[in-house]
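**Student:**
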DNA sequence: GCTGGTTCTGGAAGCGCTCCCATAGATTTC
DNA sequence: GAAATCTATGGGAGCGCTTCCAGAACCAGC
């Protein structure tokens, strides 16, 4: 609809300003009914303590009676706060968004944001066009804060946000020296525990399928894998490391490569369940039994981990809690912009299933 | 902090009103730089055609030079449009949100909403408290339109929205006589096709595990199942129908019940993949082979359909397209509120996998 | 009873924008 | 060539709210 290109009203009638109920009563109505000035009503509603009990009560009564709801736009205009938080999800790769990881993070974020009476804006970025639009959008300061999930090492967005001075919290960090606030699961510890579990089960040729190394999660999980081996006195070798891309197809290909290169592999730690599912297919087609011949551990404890056969042992992150923590950090930062950045690592947990059972349960290898 | 009221001109004060960039240049700045009045600048920017080419060009140059971005709140205040669409997702049951169904619908919605330069608000509703908050929120008219996914038959929300006169589109309908606009997959046709596939493969004792009957999707899929049987000249019997709840555990229980009641069942049409996954477990523990003894079909073609063993034959809905259609319907309705409601049913597609292969491929039953 | 504080309150000034209205030019018509 | 008709423009009035400021009302204290 082209803005009322002039002639939608023939005469003095149809006056848009006097719409029936463009949102209901105004603060003036409340003030009038309560018998106070608008400014007093405003103070009463916003909880200024320089209002007498009597006035406050009168205002509250009037608010209730009129069903008054403040006009958000008017308030935003004068306070230059929007009470909105943007959640930005890049949706380049494989429908990342459908991973429980994202939905649970979002769920956690949503809880806290709603509790703070703020709005949550969901922004999916799929391509360059949307990316440009997003940049313009952020420059227009239409949100009080931003949450960024799935950041790549060279993503320009965090830097932009930093320049614009918009409070930002990342789900996961870009690198080891992250300057912004972030919350992440303990990827290093989680990976290490997973590999230690394999070592404890007697596996000796433990490979890993890593994620793309331009993502810090992938690097950290790989580091955790190496750490576990080193601690167990095993020197990690590069031919047991296969870098992939977090997709199922990538997991399959990587597993084939590993089998080719090191046929004696007896365990694989995959940096994601999706890749583990791919690896499982490759192992099946190579006629290796899981877990008897090769034990398999995934990461994320996503929905597919429970549905493969055998079900996947996997590292679970406290995803909803991560979401909540992100929101809390951000809300604090919005309320108090000069507050120093904060970074949080939350513990993970190994969920043991059939693809890599514990001590003794597995094949009597070694 | 003293507020430098108005006179930040000559004074050395550098007062807050002249904040660094509370959002950048204003329309007045643009007008001044372009050498026109504010109203002209406004018209130029909003594409009124009553502006001379010369003025328009000057304004555009000024906008570019200043990096001007309209203040949304100010615009919203005067137009009483928010340019925001709320997407409301009840998150009662099992992390529904993580189903690809939701994420793909959201993805489609997001594309269209972004293209229209509107904002997408995500509102998750988990409990009564959040529900009340939502009601208050909707009453405050802070969104131009609402998208409701996963509606139950007796959900009070659609009615509320109808009363408030807020443009609304549902993903799926509440019942057969839905008064609001909606977009849905062809549940009836999809179910019928699935069952016809089973019939075509020679199955004769085809059961169904239905969803909760207070959801129209569940009813419609059940109706499609019955329709297929009737068309094939088989009278649908109630002991082959087991109502469940769309959860995995529910699917397991339902399958057990069916096996108990009708041990000769040779195929099951499940109203969701999640329930099919549960049914699969029940069949396995009852030592029925899938598909040789019992063929299994799911619905949704969700991520788990590809990861069970055997992989599930399932009915795929054009989910992203549904999302896009929803958004388009809604945006139309926002632009033109008196436009009649519209309802759209989009076709589904049967994806055949091992759990219910086609003719001849399956066991030589019958 | 008057002064010197405290509270509390009402008036008023905008926040940045859209859109109505009146006016100044430009163009046409007779 | 003057009147009539358009068109583009500038002025200005708000949209509903917060917040500054000055003044009213109140309480002590001398």
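Residue numbers (this note's numbering), protein chains in the order written: chain A, 19 to 384; chain B, 19 to 384. Cβ atoms here follow ideal geometry from the backbone N, Cα and C, with glycine treated the same way. Computed from a prediction, not measured in an experiment: that's the story for all the values here.
#1: Please report the distance separating the alpha-carbon of residue 151 of chain B from that of residue 285 of chain A.
#2: 7 angstroms is my cut-off, CB to CB: does residue 262 of chain A come that close to chain B?
#3: Is there a C-beta anywhere in chain B that falls below 7 angstroms from the one on residue 92 of chain A?
#4: Between the C-alpha atoms of residue 344 of chain A and residue 276 of chain B, what's the straight-line distance to the nearest angstrom?
#5: To which residues of the same chain is residue 208 of chain B closer than 6 angstroms at the C-beta, ignoring the five residues directly before and after it?
#6: Given this structure, state the Cα-to-Cα distance separating residue 193 of chain B from residue 318 of chain B, to the nearest angstrom.
#7: Mind checking residue 27 of chain B: buried by the 16 CB within 10 Å criterion, or exposed?
#8: Shorter than 7 angstroms from the beta carbon of residue 383 of chain B to some beta carbon of chain A?
#9: Could you pull out every residue in the same chain whose Cβ sits closer than 7 angstroms to the Cβ of residue 170 of chain B, ignoring the five residues on either side in sequence?
#10: Take residue 88 of chain A and list the residues in its own chain whose beta-carbon comes closer than 6 angstroms to its own, dropping the five residues that flank it on each side.
#11: Report yes or no: do the segment 345 to 353 of chain A and the segment 177 to 192 of chain A share at least 3 C-beta pairs separated by less than 8 angstroms?
#12: Can you give the Cα-Cα distance for residue 219 of chain B and residue 249 of chain B, rounded to whole angstroms?
#13: Between residue 210 of chain B and residue 245 of chain B, how many whole angstroms is the CB-CB distance? I'm expecting something under 8 angstroms.
#14: Let me know if residue 85 of chain B comes out buried or exposed under the rule of 16 or more other beta-carbons within 10 Å of its beta-carbon.
#15: Whole angstroms is fine: what's the gap from residue 239 of chain A's alpha carbon to residue 206 of chain A's?
#16: Taking 7 angstroms as the CB-CB cut-off, is residue 70 of chain B touching chain A?
#17: Note down, one range per segment and in chain order, each beta strand (DSSP E) of at least 3 residues found wholly within the segment 258 to 320 of chain A.
#18: Give the residues from the segment 71 to 88 of chain B that approach chain A closer than 8 angstroms (Cβ to any Cβ), ordered along the chain.
#19: With burial defined as no fewer than 16 other Cβ atoms inside 10 Å of the residue's Cβ, what is the status of residue 39 of chain A: buried or exposed?
#20: Rounded C-beta distance between residue 228 of chain A and residue 261 of chain A? I'm assuming under 8 angstroms.
#21: If you compare alpha carbons, which of B/257, B/155, B/52, B/81 is closest to residue 141 of chain B?
#22: Would you grab the beta carbon distance between residue 386 of chain A and residue 52 of chain A for me? Rounded to a whole angstrom, and I think it's under 8 angstroms.
#23: Which value, in whole angstroms, describes the spacing of the CA atoms of residue 342 of chain A and residue 71 of chain B?
#24: In chain A, what lies closer than 7 angstroms to residue 137 of chain B by C-beta?
#25: Residues of the segment 298 to 321 of chain A with a CB closer than 8 angstroms to any CB of chain B: list them in chain order, please.
#26: With DSSP as the reference, label residue 137 of chain B as helix, strand or coil.
#27: What residues in the segment 119 to 134 of chain B have a beta carbon less than 8 angstroms from any beta carbon of chain A?
#28: Taking DSSP as the reference, what is the three-state secondary structure of residue 57 of chain B?
#29: Give me the DSSP bridge partner(s) of residue 186 of chain A.
**Tutor:** In short:
#1: Within the second chain, residue 151 of chain B is the residue found at index 133, counting from 1. Within the first chain, residue 285 of chain A is the residue found at index 267, counting from 1. One C-alpha to the other measures close to 50 angstroms.
#2: Sequence index remark: in the first chain, residue 262 of chain A carries index 244 (1-based). With 7 angstroms as the cut-off, residue 262 of chain A does not count as an interface residue toward chain B.
#3: Here residue 92 of chain A corresponds to residue number 74 of the first chain, with the count starting at 1. By this cut-off, residue 92 of chain A is an interface position.
#4: In the first chain, residue 344 of chain A corresponds to position 326, counting from 1. In the second chain, residue 276 of chain B corresponds to position 258, counting from 1. C-alpha separation (whole angstroms): 46 angstroms.
#5: By 1-based counting over the second chain, the position of residue 208 of chain B is 190. For residue 208 of chain B, where only same-chain residues beyond five positions count, the Cβ hits under 6 angstroms are 333, 366.
#6: Locating residue 193 of chain B in the second chain gives position 175, counting from the first residue. Locating residue 318 of chain B in the second chain gives position 300, counting from the first residue. Cα to Cα, the separation comes out at about 20 angstroms.
#7: Within the second chain, the letter at position 9 stands for residue 27 of chain B. Confidence at residue 27 of chain B is low in this model, with a pLDDT of 35, below 50, so its placement is unreliable and no value can be given for it.
#8: If you number the second chain from 1, residue 383 of chain B lands on position 365. Confidence at residue 383 of chain B is low in this model, with a pLDDT of 34, below 50, so the placement of that residue should be treated as unreliable; the coordinate-derived value is given next. For residue 383 of chain B, the answer is no, since every Cβ of chain A falls outside 7 angstroms of its Cβ.
#9: Stepping through the second chain from its first residue, residue 170 of chain B is reached at position 152. Hits under 7 angstroms: 232, 233.
#10: By 1-based counting over the first chain, the position of residue 88 of chain A is 70. Counting only Cβ-Cβ distances below 6 angstroms, and skipping sequence neighbours, we find nothing.
#11: yes
#12: Walking along the second chain from the start, residue 219 of chain B turns up at place 201. Walking along the second chain from the start, residue 249 of chain B turns up at place 231. Each residue's Cα considered, the two are about 16 angstroms apart.
#13: Numbered from 1 along the second chain, position 192 holds the residue referred to as residue 210 of chain B. Numbered from 1 along the second chain, position 227 holds the residue referred to as residue 245 of chain B. Indeed they touch by this definition, with Cβ atoms about 5 angstroms apart.
#14: Numbered from its first residue, the second chain carries residue 85 of chain B at position 67. Burial call: exposed.
#15: As a first step, residue 239 of chain A must be located in the first chain, where it is residue number 221. As a first step, residue 206 of chain A must be located in the first chain, where it is residue number 188. Approximately 5 angstroms, taken between the alpha carbons.
#16: Walking along the second chain from the start, residue 70 of chain B turns up at place 52. Chain A, which has no Cβ nearer than 7 angstroms to the Cβ of residue 70 of chain B, makes this no.
#17: 259 to 261, 285 to 288, 313 to 317
#18: 85, 87, 88
#19: Taking the first chain and counting its residues from 1, one reaches residue 39 of chain A at position 21. Reliability fails at residue 39 of chain A, whose pLDDT of 45 lies under 50, so the model's placement of it is uncertain and no value is given.
#20: On the first chain, residue 228 of chain A is found 210 positions in, with the first residue counted as 1. On the first chain, residue 261 of chain A is found 243 positions in, with the first residue counted as 1. Yes, residue 228 of chain A and residue 261 of chain A are in contact; Cβ-Cβ is about 5 angstroms, under 8 angstroms.
#21: Within the second chain, numbered from 1, the residue matching residue 141 of chain B stands at position 123. It is B/155.
#22: Examination of residue 386 of chain A is not possible in this model, given that chain A is present from 19 through 384 alone.
#23: For the purposes of this step, residue 342 of chain A is taken as residue 324 along the first chain, with counting starting at 1. For the purposes of this step, residue 71 of chain B is taken as residue 53 along the second chain, with counting starting at 1. Approximately 52 angstroms, taken between the alpha carbons.
#24: Numbered from its first residue, the second chain carries residue 137 of chain B at position 119. Near residue 137 of chain B (Cβ distances below 7 angstroms), the residues of chain A are 139.
#25: 321
#26: Here residue 137 of chain B refers to the residue found at position 119 of the second chain. Three-state result, residue 137 of chain B: strand.
#27: 120, 121, 122, 124, 125, 128, 129, 132
#28: Within the second chain, residue 57 of chain B is the residue found at index 39, counting from 1. It is helical.
#29: For the purposes of this step, residue 186 of chain A is identified with residue 168 of the first chain, where counting begins at 1. In the DSSP output, where bridge partners are listed per residue, residue 186 of chain A has A/164.
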